Amino acid sequence: MISFEPFTMQVLAPIHLLVYSSLLGTSLYQTFAMTKISYQALPKTAFRSLQKKVFPFYFRVQTFLIFGSLVTLPSSTWSPIAAFSHTINWIPHAVAGVTAVLNLLVYEPRTRTFMIEVAHQETRDASRTPNSKEPSGEMQQFRRHFSRAHAMSIHLNLITIGSILFYGWTLGNRISFGAM
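Letter by letter, the sequence shown follows residues 217 to 396 of the numbering used here.
In structure tokens, the structure reads:
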């Protein structure tokens, strides 16, 4: 019988660590650094334009890296079934995958649509009543829809990051450093 252990330990394990590290770093940087810096440094219209481009890409990359991390899980038999034999491996990936896909396919597009509608409504409201500080009924409705979709996207992203961190903690507990 052919043993895949040398292949798994010498090739698949480092690939898994690189993919997982990229996933964690990308998620933390985009969520906690890039978004905050952009929000503080850019005017509102520039920030909106940037977010419309960045977040679809971010959620695609995040979903791809979650899948990549799952399929590169090293095991002594190098089989996809082995990755699912331990719930500590696949449950965090499943949670992160579901929440990332929901953001990618549902909540990011919905948030972007309402963000665009809010911007258009601001223009319409400014042309109707230039000196009015009271938002129109349409604006209140668009803002409410945007707030709900955006809050859901934020929460799903935080759940994704929590799952990624949980898996990293369990992965770190399994790594052994032997004498070289």
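Backbone N, C-alpha and C define an ideal beta-carbon position, used for all residues, glycine too. Since the model is a prediction, treat every value here as computed from it, not as a measurement.
The DSSP-derived three-state label of residue 283 is helix. Assignment of residue 350 by DSSP, reduced to helix, strand and coil, places it in the coil class.
Classified as buried, residue 315 has 16 or more neighbouring CB atoms from the shown chains inside 10 Å of its CB. DSSP places residue 272 in the helix class (H, G or I) of the three-state scheme. Here the segment 303-322 makes contact with the segment 375-386; the two share three or more CB pairs at distances below 8 Å. Around residue 352, the same chain offers 341 as residues with beta carbons nearer than 6 Å, after the five sequence neighbours per side are excluded. Check the Cα spacing between residue 336 and each of 355, 229, 347: the tightest is with 355. Contact check between the segment 316-325 and the segment 245-253: fewer than three CB pairs, one atom from each, fall below 8 Å, which does not count as touching. Taking C-beta atoms under 8 Å as the contact rule, residue 239 and residue 282 qualify, at a distance of about 6 Å. Annotation: the segment 303-368 contains the following complete segments of the alpha helix (DSSP H) (minimum length 4 residues), in chain order: 303-318, 324-344.
In this structure, the straight-line span from the alpha carbon of residue 287 to that of residue 231 is close to 10 Å. Beyond the five residues adjoining it in sequence on each side, residue 236 comes within less than 6 Å, by CB distance, of 285 in the same chain, given in chain order. With respect to residue 366, residue 330 sits close: the two C-beta atoms are nearer than 9 Å. Counting the other CB atoms within 10 Å of its CB gives residue 279 a total of 16 or more, which places it among the buried residues.
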